[in-house]
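Q: Residue numbering for the sequence shown follows numbering that gives the first Met the number 0, beginning at 0 and increasing consecutively. Take a look at this one; I'll ask things after.
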Amino acid sequence: MDDKNQMSAALKKTLYISKILNGLLIVCFVVTGCNYQWVKDLSVERTSTSVNNANVDLEITWAYRDEGRLGIEILVKNYPLAQEATLQCPITRIDLENGGKSYLLYKNPDQISLDELYKIKSHNNWYCAIKRHQGGFTDYLFSLTHFNEDRSLPDGTNYFQNDPLPELFDSSDILIELGQVNALFGPQSMVTLPSLGSFTLNVKYAEIKEKLTWQNSQKFIGDSIVIQVNRVALNPSVTWLNACIMIPDNHNWIPQAKLESNGYLAYSTDYLPIYPAYPSTSFVSDQRCFIFTIPYSYSIGSPLSDFQIGINQVIIDNTNPGQVEMKDCEAVSREIRELKSIQIYCWKYETNGQPQHWFQVVSYPDNMTYQEAYDMVETAFTTTIVGPWMLSIDFQSATITSPTPYPPVEKPEELIDVIQSTPSP
0 MDDKNQMSAA LKKTLYISKI LNGLLIVCFV VTGCNYQWVK DLSVERTSTS
50 VNNANVDLEI TWAYRDEGRL GIEILVKNYP LAQEATLQCP ITRIDLENGG
100 KSYLLYKNPD QISLDELYKI KSHNNWYCAI KRHQGGFTDY LFSLTHFNED
150 RSLPDGTNYF QNDPLPELFD SSDILIELGQ VNALFGPQSM VTLPSLGSFT
200 LNVKYAEIKE KLTWQNSQKF IGDSIVIQVN RVALNPSVTW LNACIMIPDN
250 HNWIPQAKLE SNGYLAYSTD YLPIYPAYPS TSFVSDQRCF IFTIPYSYSI
300 GSPLSDFQIG INQVIIDNTN PGQVEMKDCE AVSREIRELK SIQIYCWKYE
350 TNGQPQHWFQ VVSYPDNMTY QEAYDMVETA FTTTIVGPWM LSIDFQSATI
400 TSPTPYPPVE KPEELIDVIQ STPSP
């Protein structure tokens, strides 16, 4: 969700780079971009689950449907991408055509507003990963899950918003767009890759023995923290975890999810705050909800035994001067002086009329640099609440096999000191 890169007109150059890669003519402008022109036949060959367009292959490798969600995985093969270029994902849009109606499942996050992103994310999760980048061509695996209802946004009674889309039929058409995208070309330049058109693939939903969605909602009580796991969904290459966290704190939180299965460990690579909903600030809420992405590959048909998932830890990040109070800074000052012999001065200033509190390093030991001392002080403004808080799931019965459920806690002030749930040995 980085801001879109904008090109400076003053930096436009007239340096051209020409290459030919298997019939692809590339005319690049350093900084201004890169225009691609296809010279191959654009005829399309269609099968039930795969499409070929100018040597770019799209295939739906996996489709899944249960009463709670639809999951698909799309393989994009031979996407033209120069070896020096970097592109996170070539897919710009995915629509589901079902029962005569069309529903948006995905749109490139770099090409939409945050409002649009959060609206789409309320029912859809996605993960795009490079599988091969060689010889000027790239293979991507795109994993998408659509949920019938939004189980990310609890209201005050801890129920969930129910906004289901119409039921899915036995088959649907998936429209996939490989539109114009921006890619990095070298360390400082950007290239604009052309649209390769739209592809239509038909998906027939067969019965799958494995049940890969759990959404019973479960709470765990720890020391000054409550974890509520709302939903777990597995695709062959990725796992989604929706969870809410309650901590009586108004700073930034950095949570991490964890998955264990048959001795394999995986951790979340990213998360998206879902509640409180954008654009409201989450800092004012003691309860916040997140969608976690956990890359985890498993073999279809293999038993999902000994499967555990949950929150591993939460870092409370108090390094925003707008959130720090003088008492916070003075507490860090005492701690860092005793532990590291570093002295700081806490000072107050204003930004746009709002009070800010931060520090200045006054003295530090001879065996460290100023930057090392500063980093140590900044780290002292963070606190890590260590878990993990894990639950074991039997997906076939969609039940919790362990641990024993803890009683619910509805308000932050009711947090009590209870041993942390299922701590790792």
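Backbone N, C-alpha and C fix where the C-beta goes; we use that ideal spot for every residue, glycine too. Note that the structure is predicted; figures quoted are calculated from it, not measured.
1) Which residues bound the beta strand (DSSP E) around Ala128?
2) Closest to Trp252 by C-alpha separation, out of Ala84, Asn319, Trp213 and Thr292, would be which residue?
3) Starting from Ile71, trace the beta strand (DSSP E) both ways and give me its first and last residue.
4) Does DSSP put Tyr105 in a helix, a strand or coil?
5) Do you know whose CA, among Asn147, Asn241 and Asn234, lies nearest Ile226's CA?
6) Beta-carbon within less than 6 angstroms of Ala128's beta-carbon, same chain only, minus the 5 sequence neighbours each way: which residues are those?
7) Here's the rule I'm using: 16 or more other beta-carbon atoms within 10 Å means buried, otherwise exposed. How should Tyr348 be labelled?
8) Does DSSP classify Ser194 as helix, strand or coil?
9) Let me know the secondary structure DSSP gives Tyr117 once reduced to three states.
10) Using the DSSP secondary-structure output, state which residues sit across from Lys210 in a beta bridge.
11) Would the beta-carbon of Leu264 fall within 8 angstroms of that of Lys120?
12) May I ask you to report which of helix, strand or coil DSSP gives Cys88?
13) In chain order, what are the residue ranges of uninterrupted beta strand (DSSP E) at least 3 long that sit wholly in the region 215 to 281?
14) Keeping to the same chain, check which residues put their C-beta closer than 6 angstroms to that of Lys130; ignore five residues upstream and five downstream.
15) Would you kindly work out how many angstroms separate the C-alpha atoms of Ile293 and His145, rounded to a whole number?
16) Three or more C-beta pairs closer than 8 angstroms, one from the region 226 to 235 and one from the region 94 to 106: is that the case here?
17) Tell whether a beta-carbon distance below 8 angstroms holds between Tyr373 and Val360.
18) What did DSSP end up calling Lys378 once you bin it into helix, strand or coil?
19) Which value, in whole angstroms, describes the spacing of the CA atoms of Asp269 and Glu329?
20) Nearest to Trp357 by CA position, among Cys88, Lys326 and Asn249, is which residue?
21) Could you name the residues that DSSP lists as bridge partners for Ile335?
22) Would DSSP call Asn34 helix, strand or coil?
23) Less than 7 angstroms between C-beta atoms, sequence neighbours within five positions excluded: which residues of the same chain meet that for Gln345?
24) Would you check whether the ligand MG has a heavy atom nearer than 7 angstroms to the C-beta of Val55?
25) In the DSSP assignment, what are the bridge partners of Asp94?
26) With a cut-off of 8 angstroms on the beta carbons, I'd call Tyr363 and Ile341 a contact; round off their distance for me.
27) Taking C-alpha atoms, which residue in Ser194, Gly134, Gly352 and Arg64 lies nearest to Gly178?
28) Given a cut-off of 8 angstroms on the beta-carbon distance, is the pair Met245 and Gln286 in contact?
29) Measure the beta-carbon distance from Asn123 to Leu152 and round it to whole angstroms, keeping in mind my assumption that it falls under 8 angstroms.
30) Who does Arg287 pair with in a DSSP beta bridge?
31) Can you tell me where the beta strand (DSSP E) holding Thr137 begins and where it ends?
32) Is DSSP giving Gln322 helix, strand or coil here?
33) With DSSP collapsed to three states, give me the class of Tyr453.
A: So, from the data block:
1) Numbered from 1 along the sequence shown, position 129 holds the residue referred to as residue 128. Ala128 -> beta strand (DSSP E) spans Asn123 to Gln133.
2) If you number the sequence shown from 1, residue 252 lands on position 253. Closest option to Trp252, Cα to Cα, is Asn319.
3) As a first step, residue 71 is located in the sequence shown; it is residue number 72 there, counting from the start. Looking at the DSSP string, the run of the beta strand (DSSP E) that includes Ile71 is Arg68 to Pro79.
4) Numbered from its first residue, the sequence shown carries residue 105 at position 106. Strand.
5) Here residue 226 refers to the residue found at position 227 when the sequence shown is read from its first residue. The candidate whose alpha carbon is nearest that of Ile226 is Asn241.
6) The residue labelled residue 128 in the question sits at position 129 within the sequence shown. Leu140.
7) Taking the sequence shown and counting its residues from 1, the one referred to as residue 348 is at position 349. Exposed, since its Cβ has fewer than 16 Cβ neighbours within 10 Å.
8) Locating residue 194 in the sequence shown gives position 195, counting from the first residue. If DSSP states are grouped into helix, strand and coil, Ser194 belongs with coil.
9) Numbered from its first residue, the sequence shown carries residue 117 at position 118. DSSP places Tyr117 in helix when its eight states are reduced to three.
10) Taking the sequence shown and counting its residues from 1, one reaches residue 210 at position 211. In DSSP, Lys210 forms no bridge with anything.
11) Along the sequence shown, one-based indexing puts residue 264 at 265. Along the sequence shown, one-based indexing puts residue 120 at 121. For Leu264 and Lys120, no; Cβs fall outside 8 angstroms.
12) If you number the sequence shown from 1, residue 88 lands on position 89. In this structure, Cys88 counts as coil in the three-state DSSP scheme.
13) 217 to 221, 224 to 233, 237 to 245, 251 to 260, 263 to 266 and 269 to 274
14) To locate residue 130, count along the sequence shown from 1; it is residue 131. Cβ within range, chain order: Asp138 and Leu140.
15) Taking the first residue of the sequence shown as 1, we reach residue 293 at position 294. Taking the first residue of the sequence shown as 1, we reach residue 145 at position 146. Going by the C-alpha atoms only, they are around 17 angstroms apart.
16) no
17) By 1-based counting over the sequence shown, the position of residue 373 is 374. By 1-based counting over the sequence shown, the position of residue 360 is 361. In this structure, Val360 lies closer than 8 angstroms to Tyr373 by Cβ.
18) Walking along the sequence shown from the start, residue 378 turns up at place 379. Residue identity check: residue 378 is Thr in the sequence provided, not Lys. Helix at Thr378.
19) Here residue 269 is taken as the residue at index 270 of the sequence shown, counted from 1. Here residue 329 is taken as the residue at index 330 of the sequence shown, counted from 1. Cα to Cα, the separation comes out at about 33 angstroms.
20) By 1-based counting over the sequence shown, the position of residue 357 is 358. Minimum Cα distance to Trp357 is reached at Lys326.
21) Counting from one through the sequence shown, the residue named residue 335 turns up at place 336. Bridge partners of Ile335: none, in fact.
22) Position 35 of the sequence shown, counted from the start, is the residue given in the question as residue 34. Legend: pLDDT at Asn34 = 27, less than 50; position of this residue unreliable, value from coordinates given subsequently. Looking at Asn34 - three-state DSSP - the assignment turns out to be strand.
23) Locating residue 345 in the sequence shown gives position 346, counting from the first residue. At residue 345 the sequence reads Cys, which differs from the Gln that was named. Closer than 7 angstroms at the Cβ level, and outside the excluded window around Cys345, lie Met325, Cys328, Glu329, Ser332, His356 and Phe358.
24) In terms of ligand content, the structure shown is empty, and the ligand MG therefore cannot be addressed.
25) If you number the sequence shown from 1, residue 94 lands on position 95. Leu103 and Leu174.
26) The count along the sequence shown starts at 1 and reaches residue 363 at position 364. The count along the sequence shown starts at 1 and reaches residue 341 at position 342. Rounded, the Cβ-Cβ distance is 5 angstroms, consistent with contact.
27) Translated into the one-based positions of the sequence shown, residue 178 becomes position 179. Among Ser194, Gly134, Gly352 and Arg64, the Cα nearest to that of Gly178 is on Ser194.
28) If you number the sequence shown from 1, residue 245 lands on position 246. If you number the sequence shown from 1, residue 286 lands on position 287. Yes, they are a contact pair.
29) Counted from its first residue, the sequence shown places residue 123 at position 124. Counted from its first residue, the sequence shown places residue 152 at position 153. Going by Cβ atoms, the distance from Asn123 to Leu152 rounds to 14 angstroms, so no, they are not a contact pair.
30) Locating residue 287 in the sequence shown gives position 288, where the first residue counts as 1. BP columns for Arg287 point to Ile244.
31) Taking the sequence shown and counting its residues from 1, the one referred to as residue 137 is at position 138. Start and end: Phe136 to Phe146.
32) Taking the first residue of the sequence shown as 1, we reach residue 322 at position 323. Looking at Gln322 - three-state DSSP - the assignment turns out to be coil, as it is neither helix nor strand.
33) Since the first residue of the chain shown is 0 and the last is 424, residue 453 is not available in this structure.
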